[in-house]
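Asker:
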Amino acid sequence: MKYLSTLSLLLAGLGTTLVRAYDECKACNVVYVEGDEKWGVENNDWCIIPSKCDNGEKECFAYPLYNCCKGCDVIEESDEGKWGIENGYWCGIKDSCFKTDEPVEEPVVGNDYVLKDGWYTIKNPNSNKYLQVSYGRGGDAVNVVIGSNPQKWKLENVGDGYVTLLTMYGDYMLDVAAGDSKDGANIQIYSAYGGDAQQFAIIPTSNGNTYVIGSKVSNGEKVLDIEKASTSEGSNVLQWVNGEKANQTWIFESVSAPSEEEVNPPKSSSNFQYEAYMQYRDAPGNYLNSCPQAGRIIKESYNGINGGNSLNVYLPYGYDKNKQYNIFYLMHGGGENENTIFSRDVNLQPIIDNLIMNGELEPLIIVTPTFNKCEARTFYREFRESVIPFVEGKYSTYAKSTSANDIKASRMHRAFGGFSMGSASTWAVLVNCIDIVGYFMPLSGDNWEADGGYGKAKSVADAINRAGFKKDEFYIFAATGSEDIAYPNMNPQMDEMKKMDPFVYTSDFSKGNFYYLVAPGKTHWWGYVKHYIYDALPSFFHEKQD
Ligand SMILES: *[C@@H]1O[C@H](CO)[C@@H](O)[C@H](O)[C@H]1NC(C)=O
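Below, the structure written as structure tokens:
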């Protein structure tokens, strides 16, 4: 088979790496069998096929080396049997496809419609939370989560027992990401077109008035499911095989059409809603266009401990020197300079402008300094001794003055982040300047202050503990892409931090202090990294703000 020829190349490395602990696969695509263990490949790494996949056994000749096909479409025939392709993988055609005396399996959905067309709220009784669009905003691939806001969905029966569910935020429908039929496919909203990925079956459960919501792409077999059976605000919703579990059942309540006030509630950053397991999402397309309420970028020069140097200061639209602003220092990567981040190439500014204009981010000051007069790792000295006094002496932040005490007192209004070598700067600032910075955003780069995943994690933990800060007095939002060259370097440190005190892993900073966002398929490039900032920055500056 075509797949096998590439497989044998992959297998060359497997024997030597078998001692590592592997995760369970999300899907059931077996690519290799060794003894009793079945292996798959996901995210470029080996994973163990979970036992739940075993029910495919003996339904076709090809199992377990390959899955059995769901359908009966034969693509190719070999000596062993007949083959199909599903989800891009070869699969064996089930024996049952060739038996004419057996009745064809009934689809799980019927023809009658279960609920009338109209507006509904959709509540999961276990968590007492509603199915909702993240941040109450329309857009392609905006995530769907649970939360306490009773958002409304417009249900329309479209035939064959399926419905579409339109959001109250414009022409977007509930949608299975990439129309994937697999367990774990994310549930999102997407521009309405009513295709298979946007059709769902409302299936009554054995328990009277609750329903499961099956996706058409899985023939109704996979249903909307709250990840990790979490009940907290902002928990992700994805698709998982139907078990009528507590995290899969929903109550539909018929409601009036949403009012203008419900669709566009008055914006306020104080009612910020965290998500517990934030997923990567792009900034909406129009956030890349220049914004009618644009901030200003001012180039500044100063004399620092490493000599004369420059930096850029972003002042938000309507900056008022009589108000106080949060401040985010954002460092460039290797071979770049203080102008890179606000250059046309990276074009971060419209994302920030639009976030602020739409009330998703409180107006803040962003400073792009450079480590080019020293090194990424030693910049923290210039930061403490030269950059902060210069910038915060001139612009209005929460620092009452630039005295050491006032800079410390305002640390929860100060963030530091950076990309690549700038991420190394960020970890160094964390290790050496935690007394003056409360929020950290390392992007695509690991901690260079120590060696090995454990050592790197420990050096961060030690710095925090040494300084005596509690779990709710620092926040770290790290991110990278799954195809980023930094990904394999970051993972061991991130894995150790997830297990280590004082880190508490979640993107809900009202409950924890550390998160690691991995963007599927993204490489080492500002063109992606600016979207990580879009994802992460709105979570900053809500905790310990008094
Ligand atoms: C939903 O809850 C069940 C337990 O009731 C759990 O086994 C399952 O993993 C949960 N779904 C996901 C995707 O985490």
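Residue numbers for the sequence shown, in mature numbering (1 follows the signal peptide of the UniProt record, and there is no 0): -21 to -1, 1 to 525. Don't be surprised by glycine CBs; every beta carbon is placed ideally from N, CA and C. No experiment lies behind these values; they were computed from the predicted model shown.
(1) Considering only the alpha carbon of each residue, which of K373, E65 and S269 lies closest to Y304?
(2) Considering only the alpha carbon of each residue, which of L217, L144, C26 and Y298 lies closest to residue 574?
(3) What are the boundary residues of the beta strand (DSSP E) that P342 is part of?
(4) With a cut-off of 8 Å, do at least 3 Cβ pairs link the segment 473 to 486 to the segment 228 to 237?
(5) Would you check if the distance between the CB atom of M479 and the CB atom of A440 is smaller than 8 Å?
(6) Which residue marks the beginning of the beta strand (DSSP E) containing V408, and which one marks its end?
(7) For the pair the segment 259 to 275 and the segment 351 to 364, tell me if three or more CB-CB distances fall below 8 Å.
(8) Taking V370 as part of the alpha helix (DSSP H), name the residues at either end of that continuous run.
(9) How is E354 classed by DSSP in three states: helix, strand or coil?
(10) With respect to 7 Å, is the separation between the Cβ of K224 and the closest non-hydrogen atom of ligand 1 below this value?
(11) For G158, which residues of its own chain have a beta-carbon under 8 Å away from its beta-carbon, when the five flanking residues on both sides are left out?
(12) Going by other Cβ atoms of all chains shown within 10 Å of its Cβ, with 16 needed for buried, is A383 buried or exposed?
(13) Can you have a look at Y308 and say buried or exposed, based on whether 16 or more other CB atoms are within 10 angstroms of its CB?
(14) Does the segment 310 to 318 touch the segment 259 to 266, meaning 3 or more C-beta pairs lie closer than 8 Å?
(15) Closer than 7 Å: is that where the CB of A208 sits relative to any heavy atom of ligand 1?
(16) Distance check for N468 and L397, CA to CA, integer angstroms please.
(17) Where does W505 sit, in a helix, a strand or coil, going by DSSP?
(18) Skipping 5 residues on each side, what residues in its chain have a beta carbon closer than 7 Å to that of D463?
(19) Report back the beta-carbon spacing between N122 and Q258 to the nearest angstrom; my notes put them in contact at under 8 Å.
(20) Got a sec? Which residues, its chain only, sit under 6 Å from V366 by beta carbon, not counting five neighbours each side?
(21) Excluding the 5 residues preceding and the 5 following F520 in the sequence, name in chain order all residues of the same chain whose CB lies nearer than 6 Å to its CB.
(22) From the DSSP secondary-structure annotation, give me the bridge partner or partners of D204.
(23) Looking at C-alpha atoms only, which residue of F321, M400, E364 and K302 is the closest neighbour of F350?
(24) Pop quiz: Y109 and I125 are said to be a contact at Cβ under 8 Å. What is the actual Cβ separation, rounded to whole angstroms?
(25) For D299, which residues of its own chain have a beta-carbon under 7 Å away from its beta-carbon, when the five flanking residues on both sides are left out?
(26) Check whether the Cβ of W219 sits closer than 7 Å to any heavy atom of ligand 1, and report yes or no.
(27) Flag this pair as yes or no: are the beta carbons of residue 527 and R445 separated by less than 8 Å?
(28) Check whether the Cβ of D52 lies closer than 7 Å to any heavy atom of ligand 1, and answer yes or no.
(29) Out of curiosity, what's the CA-to-CA distance linking A225 and K102?
(30) Can you find the residues in the same chain that come closer than 7 Å, C-beta to C-beta, to C4, ignoring five residues on each side of it along the sequence?
(31) Would you report the Cα separation of V220 and K509, rounded to the nearest angstrom?
(32) Evaluate D150 with the Cβ neighbour count: other Cβ atoms within 10 Å of its Cβ, from every protein chain shown; 16 or more gives buried, anything less gives exposed.
(33) Curious, which full-length beta strand (DSSP E) runs of at least 3 residues does the segment 245 to 315 contain?
(34) Measuring straight from C-alpha to C-alpha, what distance separates F77 and C39?
(35) Please name the residue or residues paired with V191 in a DSSP beta bridge.
Answerer: Here's the rundown:
(1) Mapped onto the sequence shown, residue 304 falls at position 325. Nearest C-alpha to Y304: K373.
(2) Because the chain in this structure spans residues -21 to 525, residue 574 falls outside the shown range and cannot be described.
(3) One-based indexing of the sequence shown puts residue 342 at position 363. Premise fails: P342 is in no beta strand (DSSP E) and is neither H nor E.
(4) No: fewer than three Cβ pairs fall under 8 Å.
(5) Locating residue 479 in the sequence shown gives position 500, where the first residue counts as 1. Locating residue 440 in the sequence shown gives position 461, where the first residue counts as 1. Taking 8 Å as the Cβ cut-off, M479 and A440 qualify as a contacting pair.
(6) If you number the sequence shown from 1, residue 408 lands on position 429. Note, V408: premise wrong, no beta strand (DSSP E); alpha helix (DSSP H) at M400 to C412.
(7) no
(8) Along the sequence shown, read from residue 1 onward, the residue named residue 370 stands at position 391. Taken as a continuous stretch (DSSP letters only), the alpha helix (DSSP H) holding V370 covers I367 to K373.
(9) By 1-based counting over the sequence shown, the position of residue 354 is 375. The DSSP-derived three-state label of E354 is coil.
(10) In the sequence shown, counting from the first residue as 1, residue 224 sits at position 245. In this structure, K224 has its beta carbon less than 7 Å from a heavy atom of ligand 1.
(11) For this step, residue 158 is matched to residue 179 along the sequence shown. Exclusion of the five residues before and after G158 leaves G174, D175, A176 and V196 as the residues of its chain whose Cβ lies within less than 8 Å of its Cβ.
(12) Your numbering for residue 383 matches position 404 in the sequence shown. So A383 ends up on the exposed side.
(13) Against the sequence shown, residue 308 aligns to sequence position 329. Buried.
(14) no
(15) By 1-based counting over the sequence shown, the position of residue 208 is 229. When distances are taken from the beta-carbon of A208 to the heavy atoms of ligand 1, the shortest one is below 7 Å.
(16) Locating residue 397 in the sequence shown gives position 418, counting from the first residue. Locating residue 468 in the sequence shown gives position 489, counting from the first residue. The amino acid occupying residue 397 in the given sequence is Gly; Leu does not appear at that position. Approximately 16 Å, taken between the alpha carbons.
(17) In the sequence shown, the residue the question calls residue 505 occupies position 526. Helix at W505.
(18) Within the sequence shown, residue 463 is the residue found at index 484, counting from 1. Hits under 7 Å: S423, K501, T502 and H503.
(19) One-based indexing of the sequence shown puts residue 122 at position 143. One-based indexing of the sequence shown puts residue 258 at position 279. Right, the Cβ-Cβ distance comes to about 5 Å (below 8 Å), so this counts as a contact.
(20) Taking the sequence shown and counting its residues from 1, one reaches residue 366 at position 387. P348.
(21) Your numbering for residue 520 matches position 541 in the sequence shown. Cβ within range, chain order: N305.
(22) Position 225 of the sequence shown holds residue 204. Note: D204 sits in a beta bridge opposite L217.
(23) As a first step, residue 350 is located in the sequence shown; it is residue number 371 there, counting from the start. Looking at the Cα atoms, M400 is the closest of the given residues.
(24) By 1-based counting over the sequence shown, the position of residue 109 is 130. By 1-based counting over the sequence shown, the position of residue 125 is 146. With a Cβ gap of about 7 Å, Y109 and I125 count as contacting.
(25) By one-based count along the sequence shown, residue 299 stands at place 320. Nothing meets the Cβ criterion.
(26) Counted from its first residue, the sequence shown places residue 219 at position 240. Flag set: Cβ of W219 near ligand 1.
(27) With the chain covering -21 to 525 only, the question about residue 527 has no answer from this structure.
(28) Sequence index remark: in the sequence shown, residue 52 carries index 73 (1-based). False, no ligand heavy atom lies under 7 Å from that Cβ.
(29) Along the sequence shown, read from residue 1 onward, the residue named residue 225 stands at position 246. Along the sequence shown, read from residue 1 onward, the residue named residue 102 stands at position 123. A225 and K102: Cα-Cα distance of roughly 12 Å.
(30) Your numbering for residue 4 matches position 25 in the sequence shown. Taking C4 as the centre and dropping the five residues before and after it, the same chain places the C-beta of G19, E21, C26, I27, I28 and P29 closer than 7 Å to its C-beta, in chain order.
(31) Reading the sequence shown from its first residue, position 241 is the one you call residue 220. Reading the sequence shown from its first residue, position 530 is the one you call residue 509. Going by the C-alpha atoms only, they are around 35 Å apart.
(32) As a working mapping, residue 150 is identified with position 171 in the sequence shown. With fewer than 16 other Cβ atoms within 10 Å, it is exposed.
(33) 275 to 283, 286 to 294 and 305 to 310
(34) The count along the sequence shown starts at 1 and reaches residue 77 at position 98. The count along the sequence shown starts at 1 and reaches residue 39 at position 60. The alpha-carbon atoms of F77 and C39 are separated by roughly 11 Å.
(35) Counted from its first residue, the sequence shown places residue 191 at position 212. Paired residue(s): I182.
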